[in-house]
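The structure under discussion appears below in the form of structure tokens.
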Amino acid sequence: MNTQTATRIPAAIYVFEAPVRLWHWVHALSFLALAASGYLIAHPLPSLAGEAGDHFLMGNIRLIHFISAYLFAVGFAVRIYWALVGNRYAREIFYLPFWRPDWWKGLFHELAFYLFLTRRQPPYPGHNPLAQAAMFFLNTLLTLFMIASGFALYSEGLGSGSWADIGFGWLLPLLGGGEATQNWHELGMWLMLTFAIIHIYMAVRADIFGNGSSVSTIIGGWRMFRR
Ligand code: HEM
Ligand code: HEM
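For any residue, its number in the working numbering is found by taking its place in the sequence shown, counting from 1, and adding 491.
Shown next, in the form of structure tokens:
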């Protein structure tokens, strides 16, 4: 059966395996912690009275950022491994089948569906082409960029010759130096936040108007279709 344009589909299909579902929620929660702490790093609260070391406010905000950053990065590494060993749906957010005309047709049809130009949404066991494209550009590639630019900034603290410097330090001059890298890193946050808001809206909307289950699928793994 074709993943993208299945016409004869059973009532329910097991789509998201447990590691994908677990990763989704770890990814979403660590992203929210990173966005909140990152925003406060970029736009700090007014200074508190007394010795900075006594309340250690910025230190704790940075600590939250770094703990969630490790969770975010290790989670994504595990997710890449699962794309290699998991089912066919586990690979969908890592590539776009742009060579297939039916994929483009599906993409434009989904756009029409979300623009209220058609009421019909074909059933897709995995991600519909629009979701797949959004996830590839605004999640997979952005996640890679946030991890690389984040660890490049982190290498400034660990110092030259550290593992972070060897692995990611080369990115700093490419992005225009430390300060410019912070700006790119923050821009990445706003892009990903935009994705997350639209993504949650579309996930809930698909549950109400679409042909198959949505939020329950990323919780329980099964996609159920309306007859
Ligand atoms: C989607 C995930 C992430 C988001 C939304 C995010 C967001 C941010 C933001 C908004 C800033 C402030 C930038 C500025 O000063 O203009 C920041 C700083 C920083 N982030 Fe991230 N970040 C993410 C992932 C990571 C990762 C994976 C690391 C890896 C360790 C990391 C390390 C850092 C470091 C070292 C700083 C600079 C801290 C400082 O100057 O005190 N970030 N982050
Ligand atoms: C309450 C919050 C959220 C809900 C209800 C939700 C819901 C969903 C649903 C229903 C799917 C399956 C979509 C489909 O079948 O095509 C999904 C997948 C996904 N979501 Fe979320 N989501 C939430 C938060 C987030 C956040 C904050 C992010 C990223 C920053 C995110 C990233 C993703 C990704 C990357 C996938 C693809 C999973 C995969 O195939 O590996 N989600 N989400």
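Cβ coordinates follow ideal geometry from the N, Cα and C atoms, glycine included.
Query - Own chain residues within Cβ distance below 6 angstroms of alanine 622, not counting five before or after - result: Within the same chain, no residue comes within 6 angstroms of alanine 622 by CB-CB distance, once the 5 residues on both sides are set aside.
Report task. Can you have a look at glutamate 542 and say buried or exposed, based on whether 16 or more other CB atoms are within 10 angstroms of its CB? Result -> Exposed, because fewer than 16 other Cβ atoms sit within 10 Å of the Cβ of glutamate 542.
Query raised in the report: Pick out every residue whose C-beta is nearer than 6 angstroms to a heavy atom of ligand 2: which are they, in chain order?
Result: Val511, His515, His518, Ala519, Phe522, Glu583, Ile584, His618, Ala622, Met626, Asn630, Met683, Ala687, His690, Ile691, Ala694, Ser705, Val706, Thr708 and Ile709
Query - Rounded separation between alanine 503 and methionine 715 - CA only - result: In this model, alanine 503 and methionine 715 are separated by some 4 angstroms (Cα to Cα).
Query raised in the report: So, is arginine 696 buried or exposed, given that buried needs 16 or more other C-beta atoms within 10 angstroms?
Result: Label assigned to arginine 696: exposed.
Report task. Please decide whether alanine 581 counts as near chain C, where near means a Cβ-Cβ distance under 7 angstroms. Result -> Structure shown: chain C not included; a single protein chain is present.
Query raised in the report: Pick from Val576, Leu644 and Phe659: whose alpha carbon is nearest that of isoleucine 532?
Result: Ranked by how close their Cα comes to the Cα of isoleucine 532, the residues Val576, Leu644 and Phe659 have Leu644 in first place.
Report task. Measure the alpha-carbon distance for valine 506 versus leucine 665 and round it to whole angstroms. Result -> 39 angstroms
Query raised in the report: Taking 6 angstroms as the cut-off, is the CB of leucine 562 close to at least one heavy atom of ligand 1?
Result: no
Query raised in the report: Does any heavy atom of ligand 1 sit closer than 6 angstroms to the C-beta of glutamate 670?
Result: no
**Report entry** Pairwise C-alpha distance: alanine 624 and phenylalanine 686
**Finding:** Going from the Cα of phenylalanine 686 to the Cα of alanine 624 covers about 11 angstroms.
**Report entry** Contact test: phenylalanine 642 Cβ vs ligand 1 heavy atom, cutoff 6 angstroms
**Finding:** Answer for phenylalanine 642: yes, Cβ within range of ligand 1.
Requested in this report: Ignore the nearest five residues each way along the sequence and tell me which others in asparagine 619's own chain have a CB closer than 6 angstroms to its CB.
Outcome: Glu601
Query raised in the report: Do you know whose CA, among Ile709, Arg717 and Trp713, lies nearest valine 517's CA?
Result: Ile709
Query raised in the report: What residues in its chain sit with their C-beta under 6 angstroms from that of methionine 637, if we drop five residues either side in the sequence?
Result: Gly679
Query raised in the report: Is the stretch 538-557 touching the stretch 576-584 in the sense that three or more CB pairs, one from each, lie closer than 8 angstroms?
Result: no
Query raised in the report: Taking the alpha-carbon positions, what's the glycine 701 to isoleucine 688 distance?
Result: Their backbone Cα atoms lie some 19 angstroms apart in a straight line.
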